[in-house]
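In case it helps, full-length UniProt numbering puts the sequence shown at residues 1 to 377.
First comes the structure, then the notes that go with it.
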Amino acid sequence: MNDTSWGAPSRAGYWGAPDQGPVQGAAPVGPAHDAHALNPSETQPMPIVPDVAASGGHQDDDRGAAQSSGPLFRDEAAHAAHSSNPAQKPQEPMTGAPQPAPAPQRKSAGRDLGAAIGVGVGLGAVILASLFFKKAVFIGVIAVAVVVGLWELTSRLQERKAIKAPLAPLAVGGAAMVVAGYLRGVEGAWVAMALTALAVLVWRMTEPPEGYLKDVTAGVFAAFYVPFLATFVALMLTAGDGPERVLTFLILTVVSDTGAYAVGWRFGRHKLAPRISPGKTREGLLGAVAFAMAAGALCMHFMIDDGLWWQGLLLGLAVAASATLGDLGESMIKRDLGIKDMGTLLPGHGGIMDRLDSLLPTAPVVWLLLVVFVGSG
1 MNDTSWGAPS RAGYWGAPDQ GPVQGAAPVG PAHDAHALNP SETQPMPIVP
51 DVAASGGHQD DDRGAAQSSG PLFRDEAAHA AHSSNPAQKP QEPMTGAPQP
101 APAPQRKSAG RDLGAAIGVG VGLGAVILAS LFFKKAVFIG VIAVAVVVGL
151 WELTSRLQER KAIKAPLAPL AVGGAAMVVA GYLRGVEGAW VAMALTALAV
201 LVWRMTEPPE GYLKDVTAGV FAAFYVPFLA TFVALMLTAG DGPERVLTFL
251 ILTVVSDTGA YAVGWRFGRH KLAPRISPGK TREGLLGAVA FAMAAGALCM
301 HFMIDDGLWW QGLLLGLAVA ASATLGDLGE SMIKRDLGIK DMGTLLPGHG
351 GIMDRLDSLL PTAPVVWLLL VVFVGSG
């Protein structure tokens, strides 16, 4: 998940010259010419001279070139033709004749939908195969996604803002954070987060002190934004019905994004946050809520042990809100960096971070609500 008819002002009015005034080339008024002026029979028509004042005088610019080569506007062409041949009048357009209707403009999705669908199906197949084959393999998939996302984020920060967040401690600490969350729960995730932040502080000390504060601040932010939030997906997986919980999380987020895109593209009229993401509309947000709530009721009833349909409605509503906020949050980052996408690894999608934007903030929301509704499993 963009016609105006221009009037044709007079040349003098367009360029800002006065409509009336002395014309260059006219005979000066004075005593030497009074006798000639008092004899009407000897007066001659005033010759038409170029309106130098209208073009701003003798200026070596495009406007002077346009004046010497021909008229700028349609009314000037008609006036020139009428002056050369007074008997010939400019033809007026026929107001009664039917005018052809303008061709309707087709809405564009802005991306290669074929490539986007193909990549999406391929990613979905890899995720599902690893999720239901062996939990440890899926943890590896999460860790790889985290490392690639950190690489994209730190690369864009350095390219656009000259911020050098150290990638090495972030990549190692991020992968360890996901594994620690799966093996040791929330406490393990927090400990790994603290150690990663400390490693960022120490690693940056090996370089000159200029820019130290902004570099380590960006590094700690990246550690929290990407691997720590992704750790909650690993926490979902630790439950007895862990694969079903993760699948519910993925389905609700994808359905929310799809509903927002489909409804907003077809019916969107009112902008949701035009200064952050001009493509998002309030109608699209309503579509995300409706789609996610319906999918949530179905998933909670059929996939989650002891889940109830009304819990799915609340879960879907929360997912629609968190996914939209996550998308807007990354849009803020990309606008600050002056880029459209975080990367180019996924044709039709952008980069890994462009797919994780709504998933990352939604993971802790889904994990918490599932723990409240049906327990930690």
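No residue lacks a Cβ here, since even glycine has one placed at the ideal position from N, Cα and C.
- Leaving aside the five residues that flank Gly338 on each side, the residues in its chain whose CB is nearer than 7 Å to its CB run, in chain order, Arg160.
- Leu247 places its beta carbon less than 8 Å from that of Met303.
- Here the C-alpha atom of Gly375 lies approximately 25 Å from the C-alpha atom of Phe224.
- Shown here for Ala288: same chain residues with a beta carbon closer than 8 Å to its own, the five before and five after excluded, namely Ser256, Asp257, Gly259, Ala260, Val263, Ala320, Ala323 and Thr324 in chain order.
- By the Cβ neighbour-count rule, Glu330 is buried, with 16 or more other Cβ atoms within 10 Å of its own.
- For Ser277, the three-state secondary structure derived from DSSP is strand.
- Annotation for Glu330: the continuous alpha helix (DSSP H) segment containing it runs Trp309 to Leu337.
- In this structure, the straight-line span from the alpha carbon of Leu153 to that of Ile251 is close to 25 Å.
- For Thr362 and Arg275, the gap between their C-alpha atoms comes out near 23 Å.
- For His301, the enclosing alpha helix (DSSP H) starts and ends at Arg282 to Phe302.
- The Cβ neighbour count for Met353, taken over all protein chains shown within 10 Å, is at least 16; the residue is labelled buried.
- Residue state for Leu123 is assigned as helix, using DSSP reduced to three classes.
- Counting C-beta pairs with one atom in each stretch, the stretch 138-149 and the stretch 169-184 have three or more that are closer than 8 Å, which means they touch.
- For Gly268, the secondary structure class from DSSP, reduced to helix, strand or coil, is coil.
- DSSP places Leu346 in the strand class (E or B) of the three-state scheme.
- With a beta-carbon spacing of about 18 Å, Trp203 and Ala162 fall beyond the 8 Å limit used to define contacts.
- With distances taken between CA atoms, Leu315 lies nearest to Arg245 out of Pro227, Ile117, Arg245 and Gly124.
- Of all alpha-carbon atoms in Ala192, Met300, Ala292 and Leu213, the one lying nearest the alpha-carbon of Val371 is that of Met300.
- Residue burial is scored here from C-beta neighbours: Arg355 has at least 16 other C-beta atoms within 10 angstroms and is therefore classed as buried.
- Rounded to whole angstroms, the gap between the alpha carbons of Val254 and Asp357 is 12 Å.
- With at least 16 other beta carbons inside 10 angstroms of its own, Leu360 counts as buried.
- Inside the stretch 118-177, DSSP marks whole alpha helix (DSSP H) runs of 4 or more residues at positions 135-161, from first to last along the chain.
- With contacts defined as CB atoms closer than 8 Å, Val147 and Ala171 qualify as a contacting pair.
- The beta-carbon separation of Lys134 and Leu237, rounded to 11 Å, does not stay under the 8 Å limit for a contact.
- The alpha carbon of Ala297 has as its nearest neighbour, out of Ala290, Gly312 and Gly284, the alpha carbon of Gly312.
- Between Ala239 and Gly377 the beta-carbon gap is near 3 Å, inside 8 Å, which marks them as a contact.
- Between Asp341 and Gly350 the beta-carbon gap is near 3 Å, inside 8 Å, which marks them as a contact.
- A Cβ-Cβ distance of about 6 Å is found for the pair Ala218 and Leu157, placing them in contact under the 8 Å criterion.
- The three-state reading of DSSP puts Ser256 in helix, counting H, G and I together.
- Residue environment for Asp305: exposed (fewer than 16 other C-beta atoms within 10 angstroms of its C-beta).
- DSSP, read as helix, strand or coil, puts Met205 in coil.
- Annotation for Tyr212: the continuous alpha helix (DSSP H) segment containing it runs Tyr212 to Ala223.
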